[in-house]
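K.L.:
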Amino acid sequence: MKINKYVEDLKSKTSAELNEELVAAKKELFNLRFQNATNQLDNTSRIKDVRKNIARIQTVIAQKQAAAE
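Residue numbers for the sequence shown follow numbering that gives the first Met the number 0, beginning at 0 and rising by one.
1. Mind checking whether Ala15 and Ile53 have CB atoms under 7 angstroms apart?
2. Is DSSP giving Leu40 helix, strand or coil here?
3. In or out: Glu19 buried (at least 16 other Cβ within 10 Å) or exposed?
4. When DSSP labels each residue in this structure, what does Lys51 get in the three-state scheme?
5. Is the segment 36 to 43 close to the segment 52 to 66, with three or more CB pairs under 8 angstroms?
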């Protein structure tokens with residue numbers, strides 16, 4: 000249910016907001032990978048969650064572009 004709510008929130012955003020969220024998620028993923036490499040990351044499952052969120056954001060962006068054509 001939580002994932003469905005997140006996807007619905009993504010669908011209601013504009014393309015610019017989605018791009019901003021994508022950049023923020025990629026930065027977070029970079030920071031998590033950096034922390035993991037230096038053994039500072041406690042919750043390693045967060046990397047997987049952020050990767051899936053990036054894929055969700057990219058999917059919604061692709062759907063909006065396809066609908067615009």
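The beta-carbon is built from N, C-alpha and C at its ideal position, and this holds for glycine as well.
As the structure is a prediction and not an experimental result, all values here were calculated from the model.
P.N.:
Reading off the structure:
1. no
2. coil
3. exposed
4. helix
5. no
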